[in-house]
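Quick note on the numbering used here: the sequence shown kicks off at 149 and runs consecutively. Yeah, the Cβ is synthetic: ideal placement off N, Cα and C, and Gly gets one too. Small disclaimer: the values here were computed from a predicted structure and weren't measured. Structure, as structure tokens:
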Amino acid sequence: MTVWVEQLGLLDLLALWPRTWSGAAEIRYDEHRTGAAAARLLQALQGRGLFGRFRPAELTLAGADARGRTLYYRQDGELDRCLELFCERCGLAPGSRFRATAKHFLGCHLLDRMGFIVMVEKAARGLAAEHVLYLRRHPANAALLLGYRHDGFRMAQSFSWQDHLRALARPLHLIATAILPQTPLARPRHSQYRIRPSVWIEYEHTILTGFASRLFWKPHVPRDDVDFVFCLDRPETPLTDETARKISQAGYHWVDCHRPARLMRLGLGEGSGFLRRLLCRPEKLPFWLHLLHVEYELLVRIWTAVFQRFQVKLFIHHQEAFWKRGPQVRALEQAGGIMLSSHHSFLPAPLKEPSLNYQEHVYFVWGRSALDWVENKGHGCAYLLPCGIWLLPEKESGPGLPSFGPRVSFKLAVFDSSASHNLFVTQDDLAAFITAIIDLLEVNPSWGALIKPKSFRLENYGGLPGGPRLKERMTRLMGEGRLFIADFTVSPITVGLAMDLCACFNINSAGVVAAAHGARAVHWDCCGWPDSPLYEDPGQKVVYRSLADFKAALAAASRGDGSIGDFSRRRRWINHFDDTLAPARVGGFISDYLDRILSGAPVRQALDGAVAGYLERHAVPEDLVRRWPAPAD
């Protein structure tokens with residue numbers, strides 16, 4: 149028997165050790181998720197001949213299935229199937245917002261866990277032993293215990309009950325916070341002391357700067373009859389004095405919403421009612437899911453009061469992996485407002501992505517590619533509308549682009565991506581990609597390359613497999629003026645348009661966006677995305693499955709083959725309007741909606757009227773619009 153341990157803690161180490169005494173069990177643990185105390189004890193005692201049957205699992209999501217498809221298809225599809233089955237068994241009504249929210253909550257907690265399971269399936273191929281998936285205990289595991297089936301595999305859970313206790317503590321804490329008198333330290337913090345109609349915007353660290361700022365629409369909404377307010381509710385954006393100062397200097401208000409219950413008050417009677425509901429569990433719901441439902445309804449009540457207090461007419465929110473958007477959307481409707489959002493990247497293939505949550509009233513997509521993707525995934529938006537790509541070339545140079553040496557006549561923009569053992573792109577893949585680029589530069593003295601990293605610097609490339617030698621080769625080329633690494637704040641569009649060709653790692657969103665704006669781009673599909681629509685065009689020279697074919701395409705482009713990386717057939721598919729006016733379109737929609745809602749129109753009438761005006765102004769074809777009926781709350 150082989151026990152595959154998702155997260156090895158000290159208690160798990162001691163509990164699993166007796167299973168190995170008879171030699172009947174081997175323990176393989178994910179070395180990337182081992183607790184510090186367990187790792188120290190394991191290292192110390194293995195040196196004395198103990199715990200010899202505990203071994204690192206060396207798991208990876210790299211590779212493809214028998215059909216040449218990335219293993220992420222298995223992770224995504226199997227998780228979605230388990231969640232749909234679980235929601236059905238629990239009697240959650242199809243089309244209801246709570247069902248969508250519960251599925252999203254489960255998806256956020258189980259995405260990495262399903263990734264662990266798929267990695268174990270790969271590692272266990274050819275092993276005849278019985279396999280036990282030893283998962284970190286969590287209420288959400290109920291969906292996997294119900295739905296996951298694989299020959300030779302069974303599941304067990306760790307001894308930790310922390311997550312079950314948190315499931316009970318969250319609604320109790322919310323009720324207590326909303327009922328009990330506040331201490332001076334717990335009083336709500338905001339800068340909007342003269343309350344009037346407002347537009348709220350989710351705050352994240354780069355929103356006031358950078359090429360991908362979510363304020364792209366703001367120059368086209370020059371209004372002084374509403375307040376523009378940043379809502380701080382993300383875990384990584386605590387309210388600090390520095391953050392408050394930056395926001396105020398930029399001319400915005402702010403509200404600290406990390407604990408929204410502090411911004412309103414529940415009466416004792418209403419609070420007692422929620423406490424009583426905790427004890428009245430519907431027959432089909434597991435107790436922890438019943439607690440989540442009570443928390444959901446409580447959050448609807450809390451956010452409704454908050455939005456009413458601050459007269460929120462529009463909330464622009466982009467945190468797709470945030471399960472509490474569901475109650476926020478319902479609360480906005482009850483308070484007389486709507487939620488609006490848009491995407492910021494290109495997805496390589498049709499997926500279900502249950503960890504992403506689309507329930508906004510208006511979701512702007514760049515074009516048909518994103519429209520089809522969201523529709524295939526499933527959503528609860530009132531409207532899906534095309535606006536074009538709002539990511540634009542920079543008007544100012546910012547940090548600037550480097551100058552190549554005089555011998556360079558063919559320039560590559562090189563786009564990398566995040567890589568990890570448990571992602572569909574691994575560090576081995578990234579090392580192979582960068583090595584291929586360096587190989588080509590070394591044998592072609594007239595080539596130069598500008599790497600536009602997602603987050604890497606030169607020292608990070610040294611940490612890849614074979615990194616020290618790779619870093620040495622990169623440093624030498626940089627000394628020759630033929631290789632540069634751009635500041636990661638520079639727009640990939642700016643980089644792509646300045647070079648002769650974009651060389652992209654995986655099917656790369658940055659390369660697709662640059663190509664949609666007129667650059668040429670080729671992608672090495674190192675993972676295996678055969679369902680990507682980019683493969684559908686006959687004779688396409690944009691995506692290459694093998695690294696050898698990818699390198700050959702770069703060489704052909706350097707010799708003047710203009711068909712390499714030609715994206716012209718797909719530009720309107722990505723960017724429907726094929727222009728740079730998306731910010732003005734979205735800004736015009738926002739202004740029209742605000743005109744209607746501030747004139748006294750009911751929220752649904754204001755929304756429908758603004759949508760009708762948008763479709764008429766921009767001659768949007770009917771087949772590019774999606775309308776959704778009101779959800780069954």
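His286 (DSSP reduced to helix, strand or coil):
Looking up residue 286 in the sequence shown gives position 138. In this structure, DSSP gives His286 a state outside helix and strand, which the three-state scheme calls coil.
Name the DSSP bridge partner or partners of Val691?
Here residue 691 corresponds to residue number 543 of the sequence shown, with the count starting at 1. In the DSSP output, where bridge partners are listed per residue, Val691 has His671.
Where Cys650 falls: helix, strand or coil (DSSP)
Taking the first residue of the sequence shown as 1, we reach residue 650 at position 502. Look at Cys650 here: in three-state DSSP terms it is strand.
Determine the direct distance from the alpha carbon of Ser244 to that of Leu292, and round the result to whole angstroms.
For this step, residue 292 is matched to residue 144 along the sequence shown. For this step, residue 244 is matched to residue 96 along the sequence shown. Whole-angstrom Cα-Cα distance: 22 Å.
By Cβ distance below 8 Å, which residues in the same chain neighbour Gly474 in space, the five residues on each side in sequence not counted?
The sequence position of residue 474 within the sequence shown is 326, counting from 1. Cβ-Cβ distances below 8 Å link Gly474 to Arg245, Phe246, Ala248, Thr249, His252, Tyr444, Asn505, Gln507 in the same chain, with the five nearest sequence neighbours on each side left out; the list follows chain order.
Through-space distance from Cys650 to Lys600, alpha-carbon basis:
As a working note, residue 600 is residue 452 in the sequence shown. As a working note, residue 650 is residue 502 in the sequence shown. Between Lys600 and Cys650, the C-alpha separation is close to 10 Å.
Kindly indicate which residue of Cys535, Leu439, His509, His491 has the alpha-carbon position closest to the one of Trp521.
Working through the sequence shown from its first residue, we reach residue 521 at position 373. The shortest Cα separation from Trp521 among Cys535, Leu439, His509, His491 belongs to His491.
Are Ala701 and Val670 closer than 9 Å when you measure CB to CB?
For the purposes of this step, residue 701 is taken as residue 553 along the sequence shown, with counting starting at 1. For the purposes of this step, residue 670 is taken as residue 522 along the sequence shown, with counting starting at 1. Pairing Ala701 with Val670 gives a Cβ-Cβ distance under 9 Å.
Given 8 Å as the limit, is there contact between the segment 679 to 689 and the segment 625 to 642, that is, 3 or more CB pairs closer than that?
Because the criterion of three Cβ pairs below 8 Å is not met, the segment 679 to 689 and the segment 625 to 642 do not touch.
For the ligand ADP, any of its heavy atoms closer than 8 Å to the Cβ of Met412?
This structure simply doesn't include the ligand ADP, nor any ligand for that matter.
Anyone know if the C-beta pair for Asp714 and Val690 falls short of 9 Å?
Your numbering for residue 714 matches position 566 in the sequence shown. Your numbering for residue 690 matches position 542 in the sequence shown. It is a contact, given that the beta carbons lie within the stated cut-off.
Rank Glu236, Val562, Pro242 by C-alpha distance to the C-alpha of Arg668 and give the top, closest one.
Residue numbering aside, residue 668 sits at position 520 when the sequence shown is read from its first letter. Looking at the Cα atoms, Val562 is the closest of the given residues.
Along the chain, where does the alpha helix (DSSP H) that runs through Pro319 open and close?
On the sequence shown, residue 319 is found 171 positions in, with the first residue counted as 1. Its alpha helix (DSSP H) spans residues 310 to 327.
Can you list, in chain order, the residues of its chain whose CB lies under 7 Å from that of Gly263, leaving out five sequence neighbours each side?
By 1-based counting over the sequence shown, the position of residue 263 is 115. Around Gly263: Leu209, Gln223, Asn570.
Local conformation of Cys529 per DSSP, three classes:
Here residue 529 is taken as the residue at index 381 of the sequence shown, counted from 1. Residue state, collapsed to three classes: coil.
Closer than 8 Å is the cut-off here; do at least three beta carbon pairs connect the segment 265 to 280 with the segment 454 to 464?
Taking a contact to require three or more Cβ pairs closer than 8 Å, the segment 265 to 280 and the segment 454 to 464 do not qualify as touching.
Is it the case that the Cβ atoms of Asp160 and Phe364 are separated by a distance below 9 Å?
One-based indexing of the sequence shown puts residue 160 at position 12. One-based indexing of the sequence shown puts residue 364 at position 216. Against a cut-off of 9 Å, the Cβ pair of Phe364 and Asp160 comes out as no contact.
Is the beta carbon of Ser557 sitting closer than 9 Å to the one on Leu578?
To locate residue 557, count along the sequence shown from 1; it is residue 409. To locate residue 578, count along the sequence shown from 1; it is residue 430. It is not a contact, given that the beta carbons lie outside the stated cut-off.
Cutting at 8 Å between CB atoms, please list the residues of its own chain near Leu356, excluding the five before and the five after it.
As a position in the sequence shown, residue 356 is number 208, starting the count at 1. So the list reads Leu363, Lys394, Ile395, Ala398, once near-sequence residues are dropped.
Alpha carbon to alpha carbon, how far is Trp402 from Phe470?
Within the sequence shown, the letter at position 254 stands for residue 402. Within the sequence shown, the letter at position 322 stands for residue 470. Rounded to the nearest angstrom, the two C-alpha atoms are 20 Å apart.
If you draw a straight line from the alpha carbon of Met622 to that of Pro613, how long is it in whole angstroms?
One-based indexing of the sequence shown puts residue 622 at position 474. One-based indexing of the sequence shown puts residue 613 at position 465. So the alpha carbons of these two residues sit roughly 14 Å apart.
Strand pairing of Cys235, partner residues [DSSP]:
Sequence index remark: in the sequence shown, residue 235 carries index 87 (1-based). Answer by DSSP bridge pairing: none, since Cys235 is not bridged.
Environment of Lys500 [buried if 16+ CB atoms lie within 10 Å]
For the purposes of this step, residue 500 is identified with residue 352 of the sequence shown, where counting begins at 1. Within 10 angstroms of the beta-carbon of Lys500 lie 16 or more other beta-carbons, which makes it buried.
Under a Cβ-count criterion, where at least 16 other Cβ atoms within 10 Å of its own Cβ denotes burial, should Val591 be classed as buried or exposed?
Here residue 591 corresponds to residue number 443 of the sequence shown, with the count starting at 1. Val591 comes out exposed.
For Trp538, does the three-state DSSP call read helix, strand or coil?
In the sequence shown, residue 538 corresponds to position 390, counting from 1. Looking at Trp538 - three-state DSSP - the assignment turns out to be coil, as it is neither helix nor strand.
Leaving out five residues before and five after Phe512 in sequence, what residues of the same chain have Cβ atoms less than 7 Å from its Cβ?
On the sequence shown, position 364 is the one that residue 512 refers to. Around Phe512: Ser490, Leu533, Cys535, Val734.
Could you tell me which of Pro541, Arg337, Leu755, Phe632 sits nearest to Glu125, measuring between CA atoms?
Given a span of 149 to 781 for the chain in the structure shown, any question on residue 125 remains unanswerable.
Taking the runs of the alpha helix (DSSP H) that are 4 residues or longer, which of them lie wholly in the segment 593 to 651?
Whole alpha helix (DSSP H) segments, 4+ residues: 606 to 609, 615 to 627, 640 to 646.
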